[in-house]
Each structure stands twice: as structure tokens, then as C-alpha cells.
Amino acid sequence: MALKFNPFWLAAWLVFGAMSGRSAVPPTEALTLDRAIEMAVNNNPEVSAVQWQSVAAAADVDAVRAQRLPKVSLVGGYSYATEDQRLYPATYNSEPGVFGSGVVDGAVVLKIPLYTGGKISSEIAASELMKRAAAGDLSRSREIVAFNVTSLFYSMLAQKEVIASVESAMTAMEEQRRTIQELVSLQKAARVDALRAEVRLAELQEKRTKEYNTLTIQQWTLAALLGLEDGQDVQLSGSLELSDPPQCPDANLCMKTALRNRNDYDAAQQRRAATGESVKSARSGFLPTLSLESSYGLRWMSDVQDASGGSDDFEDVGQIGLVAEWPLFSGGGTRAKVRRQTAVQQAALERERQLRLQIRTEVETALADISSATERIDTTKTAVDAARESFRIIQEKYELGKGAMVDVLTAQASLIFAETSYARARADLAISDARRKLAVGGIL
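For the sequence shown, the working numbering gives the first residue as 2, with consecutive numbering after it.
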């Protein structure tokens with residue numbers, strides 16, 4: 002699916018995200034595109050959330066690695082028997098002892114895994130791969146935010162040119178209205194022309210209000226992208242003219258570059274590899290395990306019923322040994338785990354393939370958009386020049402009494418449309434080039 006910027010739904014979740022995140026310091030001067038991207042990457046709530054997920058993945062690696070290390074724990078307990086028990090086993094024949102029904106135990110226990118059938122090694126490998134995948138997710142999240150800022154930045158610049166075009170038309174129509182009123186007073190123009198001028202001014206005022214409202218929404222959206230809690234009046238410093246002409250290389254070359262550079266594709270590969278390690282970990286459940294276990298502590302008889310002369314009611318007890326375990330029957334649980342992890346692995350393979358197809362679509366779409374926007378710029382620039390000249394000529398003809406007011410209004414509407422199309426075509430070219438960079442993994 003091709004990436005598409007929609008300012009309205011984006012505004013909703015970004016404003017909500019910004020309200021729940023940390024606040025950035027509002028800019029005191031007009032923002033350049035580079036500065037806006039820097040602020041967004043550092044302060045955007047969604048980027049911060051993904052960054053914390055990366056920290057969590059790193060913690061998972063440490064947690065899994067800890068399984069290889071010795072574990073020391075303090076174990077205590079109390080047991081009560083219906084028949085009196087000896088405090089500790091005899092160490093030789095006829096050894097005196099202490100008997101009672103209640104025994105309190107406390108010991109320090111040491112366990113060291115010696116062999117787990119590869120389970121720990123596979124889990125460590127899987128967690129490290131997932132950590133790298135999380136790092137890829139973080140990088141891609143930053144790239145997407147950078148694209149959204151770029152798209153919104155150029156959309157706002159175009160919107161300001163649209164507003165300037167409408168205001169210029171209002172100024173021209175104000176002058177035209179005064180001219181018409183003079184002609185009407187001299188009985189050289191019909192009063193209906195003055196009414197038409199009033200209607201057109203009202204239409205232009207309505208259009209200006211609508212365009213300003215769109216700009217306000219864009220300002221709020223950009224403020225949320227930048228992680229700003231307060232203020233919508235984000236001023237921009239930039240131009241719709243690109244310093245470097247957009248590149249439109251071969252699609253296959255772009256595809257190879259994307260598969261090599263895109264962090265989300267690398268993350269998908271890491272996840273797929275991690276599922277392979279999870280399959281190995283599940284299969285280790287069929288193999289034996291071996292561990293070293295030892296303990297040392299005290300045992301105390303809480304209610305002595307019988308004690309030989311000189312016997313104490315407490316004794317220190319220590320032991321060390323090897324413990325081997327080989328599962329013979331688990332009710333099919335181990336096989337079910339293997340089947341599950343194998344299915345997860347196949348799902349990861351399909352998601353990787355799906356992402357590869359999506360990347361192809363994004364690359365082709367971006368290149369097509371660049372080509373289309375380039376042609377539109379050439380066409381609309383010519384249309385603007387023609388519309389301006391046409392409006393000037395028709396306006397002069399009307400003032401000389403050789404034209405109709407309807408022609409003036411039509412020519413002016415055509416000029417506004419041409420100027421609006423020209424501004425948005427240039428913005429679309431800049432956005433399409435940013436989309437290409439995002440598609441191949443080079444926007445940052």
C-alpha cells in the first residue's frame with residue numbers, strides 16, 4: 002500500500018499523542034525544514050514510544066542472557082508431620098537424634114544450568130535479533146515522521162501561496178468594483194455589473210476564510226508533529242522551489258536500494274530470523290537438561306518430642322549434586338509449541354514478502370508522482386502566464402467599454418485556479434521526492 006498523507010486524521014491522533022507526551026520548547030523564529038524535522042524526530046510522542054520499545058527489547062536480551070548465570074536464592078519453610086520425624090538423617094548406626102512433628106528449614110540454594118538442549122542459546126539469539134528489529138522500527142518511525150513533516154511543510158507553503166492568490170484577487174476585485182461604480186455613475190456600465198462584483202467579492206472572502214481554516218488545521222498538525230503542547234502559530238522559512246532537482250532513476254535500481262537501506266525491511270528480516278531461533282528453542286523441549294544444584298542452611302525442630310542426650314534441636318545441612326531431567330511424556334505440549342513456533346515463522350516469512358511487495362508499490366508510486374508533478378509544473382506555469390495576460394487584457398477591454406463583466410469574472414477565476422494549481426504542483430513535486438526518499442530509505 003502506498004504511503005499517503007491525510008492531514009485530517011493525522012491531526013486527530015497527533016494532537017492526542019502530543020497531549021500525552023513530553024513538550025518541546027516552541028520555536029522563537031521561523032522554522033526551516035531541517036529544523037522542523039530535527040524537532041519532530043527528537044520530540045514526537047510516537048517516536049518516543051517506539052524508542053521505549055527499543056529499550057524494552059534491549060532489556061529482554063539481558064533477561065534471557067541471565068538464564069546462563071548461576072542463580073542464588075534463600076529458601077525457607079515449615080513442615081508438620083502427623084508422626085514424629087527425625088530432625089536430620091543419621092550419619093552412622095545408632096546415632097542419637099532429635100524427634101518432633103514440626104521442622105523449620107532455611108537454606109541458601111545455588112543452581113547452575115550446564116546443558117539445556119540449546120534452549121538458552123536459541124532464546125538469546127532470538128532476543129538479540131528482536132532487539133535489532135526494534136532498532137529498525139525506531140529508525141523507520143523517525144523516517145516516517147520526517148516524511149510527514151516534509152509533506153506538511155510544503156503543503157503549508159503551497160497553502161500560503163493559495164491564500165496570497167485569493168487576497169490578490171480580492172484586491173483586484175476591489176479596484177474593479179470602484180472602477181465599475183465610476184462607470185455606472187457616468188452611465189457607461191450597467192448596475193448589474195456592480196452587483197456581480199459584489200457577489201464575486203463575497204465569494205472570494207468565503208474562499209479566503211476556507212483557505213485560512215485549512216492553514217490553521219495544518220499549523221495545529223505540524224505543532225503536534227513537532228511535539229509542541231501549546232500554540233498553533235508555527236511560522237515557516239522556506240520555498241516551494243527545490244534546491245536540487247528531483248531524481249527519477251530506474252525503478253529496479255530504486256528497488257535494490259530500498260531493500261538494502263530500508264530499516265523496516267531489515268527489521269522484518271530480523272524478526273523472521275528470530276522466529277527460526279524460537280523454533281529451535283521449542284524443539285529443545287525434547288532434549289534432556291543437566292544442572293548443578295547445591296544448598297547450605299539450618300534445620301530446627303520447633304517442638305521437640307524426644308531427644309537423646311547431647312543432641313541439639315538444630316543442625317546445619319549442606320549438599321551438592323547434579324540433576325538431569327529428560328522429558329518422556331508431556332501430553333503433546335512440546336509438539337504443540339513446535340507447531341506454533343513453526344506457524345509463527347511462516348507468518349513472518351509472509352509478512353516479509355508482503356513488505357517487499359509494498360516497497361515495490363511505494364517506489365513505483367513515488368517515481369510516477371515525480372514524473373506527473375514535473376509535467377504539471379510545466380503545464381500550470383504556462384497556464385499562469387497565459388491567465389494573467391488574459392485577465393489583464395479582458396480587464397482593460399472592460400474599462401474601455403469593449404468587454405463584458407462576465408468575461409472579467411471568468412478570467413479572474415481562471416487565474417486563481419491556475420495559480421492554485423501551480424503552487425500545489427510544486428508542493429506535490431517536493432512531497433513526491435520526499436516520498437521517493439522514504440521509499441528507498443534515505444529521507445534522513
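Positions of the beta carbon are idealized from the N, C-alpha and C atoms, including for glycine. None of these values were measured; they are calculated from a predicted model.
Which of helix, strand or coil does DSSP assign to residue i?
| i | result |
| --- | --- |
| ARG23 | Below a pLDDT of 50, predicted positions are generally treated as unreliable, and ARG23, at 45, falls in that range; no measurement from the model is reported. |
| LEU34 | helix |
| GLU47 | helix |
| TYR213 | helix |
| ALA3 | Below a pLDDT of 50, predicted positions are generally treated as unreliable, and ALA3, at 39, falls in that range; no measurement from the model is reported. |
| LYS112 | strand |
| PHE148 | helix |
| ARG300 | strand |
| TYR79 | strand |
| ARG393 | helix |
| ALA435 | helix |
| GLN236 | coil |
| THR290 | strand |
| GLN248 | coil |
| GLY442 | coil |
| LYS72 | strand |
| SER95 | coil |
| GLN188 | coil |
Given a cut-off of 8 Å, decide if residue j and residue i are closer than it, judged by their beta-carbon atoms.
| i | j | result |
| --- | --- | --- |
| GLY118 | THR290 | yes |
| SER433 | ALA384 | no |
| SER148 | ALA369 | A small fix is needed here, since residue 148 is Phe in this sequence, not Ser. Taking 8 Å as the Cβ cut-off, PHE148 and ALA369 do not qualify as a contacting pair. |
| ILE1 | VAL150 | Here the chain comprises residues numbered 2 to 445, so residue 1 is not present and cannot be evaluated. |
| VAL324 | GLU363 | no |
| GLY404 | ILE395 | yes |
| SER102 | ASP304 | yes |
| SER140 | ASN264 | yes |
| VAL109 | LEU130 | no |
| LEU241 | MET157 | no |
| PHE392 | ALA424 | no |
| SER312 | VAL99 | yes |
| GLN177 | VAL407 | no |
| THR343 | VAL163 | no |
| SER95 | SER282 | no |
| THR33 | GLY239 | yes |
| ALA59 | LYS132 | yes |
| VAL65 | LEU111 | no |
| PRO90 | SER309 | no |
| VAL200 | ARG192 | no |
Go ahead and label residue i buried or exposed: buried means 16 or more other beta carbons lie within 10 angstroms of its beta carbon, across all protein chains shown.
| i | result |
| --- | --- |
| ALA246 | The amino acid occupying residue 246 in the given sequence is Pro; Ala does not appear at that position. Exposed, by the Cβ-count rule. |
| TYR297 | exposed |
| ASP317 | exposed |
| ASP315 | Note that residue 315 is Phe in the sequence shown here, rather than Asp. That one is exposed. |
| ASN262 | exposed |
| VAL26 | Bear in mind that the predicted position of VAL26 carries a pLDDT of just 49, short of 50, making it too unreliable to give a figure here. |
| GLY442 | buried |
| TRP221 | buried |
| ASN253 | exposed |
| ARG360 | The question names Arg, but residue 360 in the sequence shown is Ile. Label assigned to ILE360: buried. |
| THR92 | exposed |
| GLU30 | exposed |
| LYS257 | exposed |
| SER24 | The predicted position of SER24 is uncertain, since its pLDDT is 45 and thus under 50; a value taken from the coordinates is nonetheless stated next. Its Cβ having fewer than 16 others within 10 Å, SER24 is exposed. |
| ALA428 | buried |
| GLY397 | Reading the sequence as shown, one finds Glu at residue 397 and not Gly. Classification for GLU397: exposed. |
Our contact map puts residue i next to residue j with C-beta atoms below 8 Å; I'd like the distance itself, whole angstroms only.
| i | j | result |
| --- | --- | --- |
| ALA374 | ALA426 | 6 Å |
| VAL51 | SER142 | 4 Å |
| ASP267 | GLY137 | 5 Å |
| PRO1 | ILE113 | Nothing can be reported for residue 1: it is not among the residues displayed for the chain, which extend from 2 to 445. |
| GLN160 | GLU212 | 7 Å |
| ALA269 | GLU353 | 4 Å |
| THR440 | TYR155 | Checking the sequence, you will find Ala at residue 440 rather than Thr. At roughly 17 Å, the Cβ-Cβ gap does not stay under 8 Å, so ALA440 and TYR155 are not in contact. |
| LEU227 | MET171 | That pair is no contact at about 32 Å. |
| ALA195 | GLN182 | 6 Å |
| SER128 | VAL62 | 5 Å |
| GLN54 | ALA135 | 6 Å |
| LEU445 | GLU144 | 6 Å |
For chain B, is any of its Cβ atoms less than 8 Å away from the one on residue i?
| i | result |
| --- | --- |
| GLU129 | The chain labelled as chain B is not found in the depicted structure, where only one protein chain is given. |
Select from the options the residue whose C-alpha is nearest the C-alpha of residue i.
| i | options | result |
| --- | --- | --- |
| ILE417 | GLU168, ASP138, ASN44 | GLU168 |
| ARG273 | ALA67, MET302, GLU376, VAL345 | VAL345 |
| GLY332 | SER309, PHE287, TYR399 | PHE287 |
| GLU400 | ALA190, THR276, ALA388, THR222 | ALA190 |
| ARG340 | LYS398, MET302, ASP35, VAL280 | VAL280 |
| GLN86 | MET302, ALA337, ILE321 | MET302 |
| ALA198 | SER292, ASP429, ALA173, ASN44 | ALA173 |
| LEU115 | ASP231, ASP106, ARG69 | ARG69 |
| LEU329 | SER285, ARG209, VAL193, ALA308 | SER285 |
| SER49 | VAL146, ARG357, SER309, ALA308 | VAL146 |
| LEU229 | ASN44, TRP327, ILE444, ASP379 | ASN44 |
| ALA419 | SER186, SER166, ARG36, GLU84 | SER166 |
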